[in-house]
Every structure is written in structure tokens, then in C-alpha cells.
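Right under this line is the structure:
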């Protein structure tokens with residue numbers, strides 16, 4: 154939950170700084186609700202999604218039908 158808390162704060166702050174509108178801080182409410190619903194299933198869902206996004210398969214697998222890491 155801490156990682157999502159930081160993400161929520163950064164996104165809300167960026168929306169506020171870009172628009173110069175105080176009401177853009179209300180973006181945090183839907184983001185918070187999304188994070189709450191996601192963490193109902195698993196407390197570490199965002200850590201799992203982060204690790205999964207960093208461990209992507211090589212792009213040349215479909216072409217060569219094998220793992221080739223030199224792109």
C-alpha cells in the first residue's frame with residue numbers, strides 16, 4: 154500500500170501543478186478508490202504488478218521461437 158500511496162500523491166500533485174487548479178486534487182479520490190479495491194484482494198498487488206512489469210519477455214521470441222536477448 155505504501156508504493157501506491159506514493160503513486161497517488163505524485164499523480165495528484167502533477168495534475169495540480171500542470172493545471173494550476175485546486176480542484177484537480179480531487180483526482181486523488183478515484184485513484185484512492187482504485188487502489189483500495191485492488192488491495193482488497195491482495196495487500197502486495199502493486200509490488201507484484203511492478204515486478205511483473207520489469208520481467209518482460211524478449212521482443213524477438215515470436216520471430217525466432219526462442220529466447221534471444223541481443224536485439
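Numbering (the working numbering), first residue to last: 154 to 224.
Glycine included, every Cβ here is placed at the ideal spot set by N, Cα and C.
This one's a predicted model, so the numbers in the text were calculated from it and none came from an experiment.
Relative to the alpha-carbon of residue i, which residue among the options has its alpha-carbon at the smallest distance?
i, options, result
"residue 180", "215, 193, 164 and 200", "164"
For the alpha helix (DSSP H) that residue i lies in, which residues bound it at each end?
i, result
"residue 191", "181-194"
"residue 170", "155-172"
"residue 176", "No alpha helix (DSSP H) contains residue 176, which DSSP labels as neither H nor E."
"residue 205", "198-207"
Report the three-state DSSP secondary structure of residue i (helix, strand or coil).
i, result
"residue 213", "coil"
Below 8 Å on the Cβ atoms is my contact criterion, and I expect residue i with residue j to pass it. Report the Cβ-Cβ distance as a whole number of Å.
i, j, result
"residue 161", "residue 184", "5 Å"
"residue 188", "residue 155", "Going by Cβ atoms, the distance from residue 188 to residue 155 rounds to 11 Å, so no, they are not a contact pair."
Would residue i and residue j qualify as a contact pair, given that the criterion is a beta-carbon distance under 9 Å?
i, j, result
"residue 192", "residue 203", "no"
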